[in-house]
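Here the structure is laid out as structure tokens; the discussion comes afterwards.
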Amino acid sequence: MQRRASGVPTPLAAPPAATHSRSHAEVVLAGTTFLRAAAPASRARGPGAGPAPPVTHAARPMAAEGPRGAGPGAVRRGLWRQCARRVHGERLRRPSSGPRHLGAGTARMSASLVRATVRAVSKRKLQPTRAALTLTPSAVNKIKQLLKDKPEHVGVKVGVRTRGCNGLSYTLEYTKTKGDSDEEVVQDGVRVFIEKKAQLTLLGTEMDYVEDKLSSEFVFNNPNIKGTCGCGESFNI
Numbered sequence: 001m002q003r004r005a006s007g008v009p010t011p012l013a014a015p016p017a018a019t020h021s022r023s024h025a026e027v028v029l030a031g032t033t034f035l036r037a038a039a040p041a042s043r044a045r046g047p048g049a050g051p052a053p054p055v056t057h058a059a060r061p062m063a064a065e066g067p068r069g070a071g072p073g074a075v076r077r078g079l080w081r082q083c084a085r086r087v088h089g090e091r092l093r094r095p096s097s098g099p100r101h102l103g104a105g106t107a108r109m110s111a112s113l114v115r116a117t118v119r120a121v122s123k124r125k126l127q128p129t130r131a132a133l134t135l136t137p138s139a140v141n142k143i144k145q146l147l148k149d150k151p152e153h154v155g156v157k158v159g160v161r162t163r164g165c166n167g168l169s170y171t172l173e174y175t176k177t178k179g180d181s182d183e184e185v186v187q188d189g190v191r192v193f194i195e196k197k198a199q200l201t202l203l204g205t206e207m208d209y210v211e212d213k214l215s216s217e218f219v220f221n222n223p224n225i226k227g228t229c230g231c232g233e234s235f236n237i
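Using UniProt numbering, read the sequence shown as starting at 1 and increasing by one per residue.
And the structure:
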């Protein structure tokens with residue numbers, strides 16, 4: 001205000017009349033006010049003036065996103081998305097309302113990525129890597145001949161006993177069934193069963209049948225023995 005010498009305030013002069021249209025238009029939407037610039041009215045230009053600058057029209061505010069009848073919260077979220085698209089042409093990330101926690105389903109899925117499997121198997125007996133016993137053709141023929149008159153027996157069983165003058169001796173007997181711990185050797189249709197105690201002593205052994213004027217017997221050509229008695233009945237390993 002301007003004051004006169006008398007101290008009485010004098011009202012300011014009225015502003016000049018507007019020479020162009022209203023400079024701003026207010027748009028009120030859901031309680032939020034957006035301002036957009038209006039295009040200025042055309043003015044008279046002199047004869048020497050250059051071409052008129054292009055008139056830029058501001059984009060009209062978009063309608064709030066969200067279904068019809070949505071509450072104020074949905075409208076505010078829609079307006080926030082509109083503003084995010086308008087700021088320097090960049091998309092802004094809406095702040096999270098709080099920490100997010102993985103659900104139980106997600107935890108199970110992650111654990112299931114890493115999976116692990118177990119298979120139940122029955123116990124297996126340790127078997128020798130080579131044949132425990134081989135038979136010569138003479139031994140095969142003799143065993144077939146012995147079993148010919150004994151159809152109730154399926155083969156012969158080789159065992160080992162502690163006897164004789166040098167410790168151990170092999171035994172042969174007929175058998176009707178295979179024992180749980182017996183090792184079975186099948187050769188040329190002949191079945192020979194080896195008792196568990198004799199299996200290690202017979203590794204690589206050849207079973208032969210020898211017949212001469214004085215005797216006829218099965219002979220075990222065993223590379224594992226260290227010594228025998230004079231008659232050859234017993235041995236030690």
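All C-beta atoms, glycine included, are put in the ideal place defined by N, C-alpha and C.
Just so it is clear, the structure is predicted and the values come from calculations on it, not from any experiment.
Where residue i sits in the DSSP three-state scheme
i: V140; result: helix
i: K157; result: strand
i: A111; result: With a pLDDT of 34 at A111, under the threshold of 50, the modelled position of this residue cannot be trusted, and the question is left open.
i: L135; result: strand
i: G189; result: coil
i: A30; result: Because A30 carries a pLDDT of 44, less than 50, the predicted location of this residue cannot be relied on, and no value is offered for it.
i: N224; result: coil
Enclosing beta strand (DSSP E) for residue i [first to last residue]
i: L168; result: L168 to T175
i: E206; result: T205 to E211
i: N221; result: S216 to N221
Range of the contiguous alpha helix (DSSP H) that encloses residue i
i: K196; result: K196 to Q199
Nearest-angstrom Cα separation, counted from residue j out to residue i
i: R145; j: G167; result: The residue asked about is misnamed: residue 145 is Gln in this sequence, not Arg. Distance between the alpha carbons of Q145 and G167 is about 31 Å.
i: I143; j: E217; result: 12 Å
i: G179; j: P151; result: 19 Å
i: K226; j: K176; result: 33 Å
i: residue 239; j: E195; result: In the structure as shown, the chain begins at 1 and stops at 237. Residue 239 is therefore absent and cannot be evaluated.
i: F197; j: H153; result: Strictly speaking, residue 197 in this sequence is Lys, with Phe absent from that position. Roughly 22 Å between the two C-alpha positions.
i: L202; j: A132; result: 6 Å
i: K148; j: G155; result: 10 Å
i: K157; j: L214; result: 25 Å
i: V219; j: Q199; result: 16 Å
i: Y209; j: S181; result: 26 Å
i: P137; j: E173; result: 19 Å
i: G159; j: E211; result: 22 Å
Other residues of its chain near residue i: CB distance less than 8 Å, five sequence neighbours each side excluded
i: Q187; result: T134, L135 and V140
i: P223; result: G204 and T205
Own chain, CB closer than 6 Å to residue i, minus 5 neighbours either side, in chain order
i: E206; result: T134 and N221
i: R161; result: S169 and T171
i: L185; result: Here residue 185 is Val; the residue named in the question, Leu, does not match the sequence. Only L133 and V192 meet the Cβ criterion.
Spatial neighbours of residue i in its chain, beta-carbon cut-off 7 Å, leaving aside the 5 residues before and after
i: S110; result: Confidence at S110 is low in this model, with a pLDDT of 35, below 50, so the placement of that residue should be treated as unreliable; the coordinate-derived value is given next. The answer is none, since no qualifying residue turns up.
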